[in-house]
Amino acid sequence: FITGIPSLQVPSIDPLESERIDIDSGKSAVQLVQKYKNVKIYGLATSKIKNIHFDVAAKVLTFTVYIPKLQQIAHYECKGKILLLPIYGSGNSSIVLERVTMATKINFKEERINGNVHFKIKSYKILLSLEDVHIHLENLFNGDTLLGDNMNKVLDEHGLDLFNDVKNHVEDSYGQLCKKVAMSLFDNIPVKELLLE
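Here it is, written out as C-alpha cells:
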C-alpha cells in the first residue's frame, strides 16, 4: 500500500505527491503567501500506528500515527514578511518536520457502485503536532547569498513557531492529499472487503 496499488489506481503515499500546495498568510509571525509546486512529501512509510478505532455504526474512522520525520521537497515562491522581516524568492525548498504525531478523523457515508456498497468520504480532518521544524529556501532575495543565508538561519531557528502560525493551512493541505489517496482506495474496494467479512 505504501508504494500504491496501480491495479486499483491507488497512488503511492511515500512520496505523497501534489502538483501544488498554497499556504496563506499566518496569524501573526508569518505574513507570507507561500506557493509550492511539484511537491513531494517523504516519510509516511515510516509511520507507526499508535491507535485506531472504527465505529461502523457511526461510520467514523479515527487513528493516530507517529512519524519520525516528514520532508517536503518542492519548488517554492514566496513574498511577504516573517517576524517583521521582509522575505521573497523562488527556487528549491526543503521543509523537515521532526517527530510528528498525526491524528486523523474520517466521516463516511455509504454508496452503492456496481452492486457493491462502498464508503464515500464526507469529511477528512488531520491534526498535526510535532517537536521541531527545519526550513531551507534556496535563491532567496534573487540569489543574494548574504541575505539568503541570514534568512535561512532565522527560518531554521524559529521553524517550529513559524510552522505553528500556519499550522491550520498545512493541516488542510496535507489532509486533502491524504484524502485523495483514501478516496481512491474506498472507490475501488467494497465495504465487505475492507471489513473482511
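Under my numbering, read the sequence shown as residues 1 to 197, first letter to last.
Even glycine gets a Cβ: it sits at the ideal position worked out from N, Cα and C.
For PHE186 versus PHE119, is the C-beta distance shorter than 8 Å?
-> Reading the sequence shown from its first residue, position 186 is the one you call residue 186. Reading the sequence shown from its first residue, position 119 is the one you call residue 119. Closer than 8 Å, so yes.
Would you mind stating whether LYS37 and GLU19 have Cβ atoms separated by less than 8 Å?
-> Taking the sequence shown and counting its residues from 1, the one referred to as residue 37 is at position 37. Taking the sequence shown and counting its residues from 1, the one referred to as residue 19 is at position 19. Cβ atoms of LYS37 and GLU19: closer than 8 Å.
Among residues of its own chain, excluding the 5 on either side of ASP161, which ones have a beta-carbon nearer than 8 Å to its beta-carbon?
-> On the sequence shown, residue 161 is found 161 positions in, with the first residue counted as 1. Answer for ASP161: ALA29, listed in chain order.
Does DSSP put ALA58 in a helix, in a strand, or in coil?
-> Position 58 of the sequence shown, counted from the first residue, corresponds to residue 58. Three-state DSSP puts ALA58 in coil, outside helix and strand.
Just the Cα atoms here: how many angstroms apart are LYS167 and GLY175?
-> Locating residue 167 in the sequence shown gives position 167, counting from the first residue. Locating residue 175 in the sequence shown gives position 175, counting from the first residue. For LYS167 and GLY175, the distance between alpha carbons rounds to 12 Å.
By DSSP, does VAL166 sit in helix, in strand, or in coil?
-> The residue labelled residue 166 in the question sits at position 166 within the sequence shown. VAL166 falls in the coil class under three-state DSSP.
Assuming ILE73 contacts LYS81 under a Cβ cut-off of 8 Å, what Cβ separation, rounded to an integer in Å, is found between them?
-> For the purposes of this step, residue 73 is taken as residue 73 along the sequence shown, with counting starting at 1. For the purposes of this step, residue 81 is taken as residue 81 along the sequence shown, with counting starting at 1. The pair is not a contact, with the Cβ atoms about 25 Å apart (cut-off 8 Å).
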